[in-house]
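A.B. asks: Going from the first sequence to this note's numbering is simple: count from 1 and add 218.
Below: one structure in structure tokens.
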Amino acid sequence: MTAVAAELLHPPIVPWIESKNQEIWDKALHLGRKVVWKNKSVVQAPDDEVNSIYLIRQGVIKVAAASSEGLQRTLWLMGPGSILGEASLFSNRRNSHHISAMEECVAYEFSKQVVVGEILVRYPDLAEALLTNLANKSYIMSTQVEESAFLSVPQRLGRFLYGLCLARNSRHLPLSHAVIAELLGLHRVTVSNTVSALKRTGLLEDHTHEIVVADINALAAFLISDESPPVPSFRTR
DNA sequence: GCATTAATTCTGT
DNA sequence: ACAGAATTAATGC
């Protein structure tokens with residue numbers, strides 16, 4: 219049966235960082251300061267100084283590389299339980315990304331002083347959470363390079379959707395094609411076409427404005443089948 | 001608070 | 001690039 223497929227396929231790494239057990243931070247929240255970001259507001263701009271990290275508790279933010287011409291390539295999305303700014307803080311660099319809120323967000327800001335003097339010293343589990351977060355970012359970037367180099371578009375999209383389903387424990391993914399395209403470095407139309415193709419094969423259900431995976435195990439089976447794309451009627455450049 | 005209308009965003013070709 | 005659908009924001013009552 220298809221249940222076997224899920225066992226053969228390692229959970230894909232997806233450019234979306236989220237942590238299920240953000241309660242571990244509860245004991246340290248008093249060391250931080252609560253901040254709220256409005257939908258679409260800019261959290262950090264390139265060249266901003268970073269003197270603190272942020273624990274995201276609600277909402278989703280987008281971290282993107284931006285060219286001087288205004289082009290954007292999303293690097294990853296961050297949801298509740300993820301940590302922003304630790305990379306630049308520990309590398310003593312200015313922020314280099316364009317970071318913005320995709321919805322109303324609540325976060326807690328911890329100063330560098332608090333991180334180094336309190337969190338790292340007193341809370342080993344939080345220190346580990348920081349490392350996990352950093353490691354995730356590292357794997358996300360290498361995985362994206364690998365997949366864009368070696369996999370077909372349907373495979374890349376499929377892995378993304380599959381990984382997201384596993385990470386979020388849901389077959390329903392409220393993402394627009396445009397957001398997915400920016401995340402995977404694809405053209406928006408390519409995503410639309412591929413989504414349609416996957417719908418035709420029955421792997422995705424036919425809803426608009428949200429992507430619904432019909433059968434997660436069937437998707438896993440498709441991903442390991444390593445066959446040519448289900449609908450080779452279009453090509454990506 | 002509720003119903004319309006105007007704007008903006010999303011999809012599918 | 002465009003058209004139609006779907007969302008969301010704005011306005012008037």
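Glycine residues also receive a C-beta, built at the ideal position from the N, C-alpha and C atoms.
Model, not experiment: these values are computed from the prediction.
Between residue 415 and residue 390, what straight-line distance do the alpha-carbon atoms span, to the nearest angstrom?
C.D. replies: Going by the C-alpha atoms only, they are around 18 Å apart.
A.B. asks: Over what stretch of residues does the beta strand (DSSP E) that includes residue 434 continue unbroken?
C.D. replies: Looking at the DSSP string, residue 434 is not in any beta strand (DSSP E); the run it does join, the alpha helix (DSSP H), is 434–443.
A.B. asks: Going by other Cβ atoms of all chains shown within 10 Å of its Cβ, with 16 needed for buried, is residue 315 buried or exposed?
C.D. replies: Residue 315 comes out buried.
A.B. asks: Look at the alpha carbon of residue 234 and the alpha carbon of residue 362, and state the distance between them as a whole number of angstroms.
C.D. replies: Approximately 12 Å, taken between the alpha carbons.
A.B. asks: Between 356, 443, 313, which has its C-alpha nearest residue 263's C-alpha?
C.D. replies: When only C-alpha atoms are compared, the closest one is 313.
A.B. asks: Nearest CA to the CA of residue 386: which residue from 226, 222, 238?
C.D. replies: For residue 386, the nearest C-alpha among the options comes from 238.
A.B. asks: Does the distance between the C-beta of residue 384 and the nearest non-hydrogen atom of the ligand GDP fall short of 7 Å?
C.D. replies: Because no ligand of any kind appears in the structure shown, any question about the ligand GDP cannot be addressed here.
A.B. asks: In chain order, what residues of the same chain have a beta carbon less than 7 Å from the beta carbon of residue 417, not counting five sequence neighbours either side?
C.D. replies: Once the five neighbours on either side are set aside, the close Cβ partners of residue 417 are 424.
A.B. asks: So what does DSSP say about residue 402, is it helix, strand or coil?
C.D. replies: Correct three-state label for residue 402: helix.
A.B. asks: How should residue 440 be labelled, buried or exposed, when 16 other C-beta atoms within 10 angstroms of its C-beta is the threshold for buried?
C.D. replies: Flag for residue 440 reads buried.
A.B. asks: Which class does residue 358 belong to by DSSP, given the choice of helix, strand or coil?
C.D. replies: Note: residue 358 maps to helix in three-state DSSP.
A.B. asks: Going by DSSP in three states, residue 391 sits in which element: helix, strand or coil?
C.D. replies: Strand.
A.B. asks: Start and end of the beta strand (DSSP E) containing residue 281?
C.D. replies: First-last of the beta strand (DSSP E) with residue 281: 279–284.
A.B. asks: Three-state secondary structure (DSSP) at residue 249?
C.D. replies: In the structure shown, residue 249 sits in a helix (DSSP, three-state: H, G or I).
A.B. asks: Report the three-state DSSP secondary structure of residue 419 (helix, strand or coil).
C.D. replies: The answer is coil: DSSP assigns residue 419 none of H, G, I, E or B.
A.B. asks: Assuming residue 231 and residue 380 make a contact with CB atoms under 8 Å, what is their CB distance in whole Å?
C.D. replies: Incorrect: roughly 11 Å between the Cβ atoms, too far for contact.
A.B. asks: Suppose the cutoff is 6 Å on Cβ atoms and the five residues either side in sequence are ignored; what does the same chain contact list for residue 272 look like?
C.D. replies: Cβ within range, chain order: 302, 303, 325, 327.
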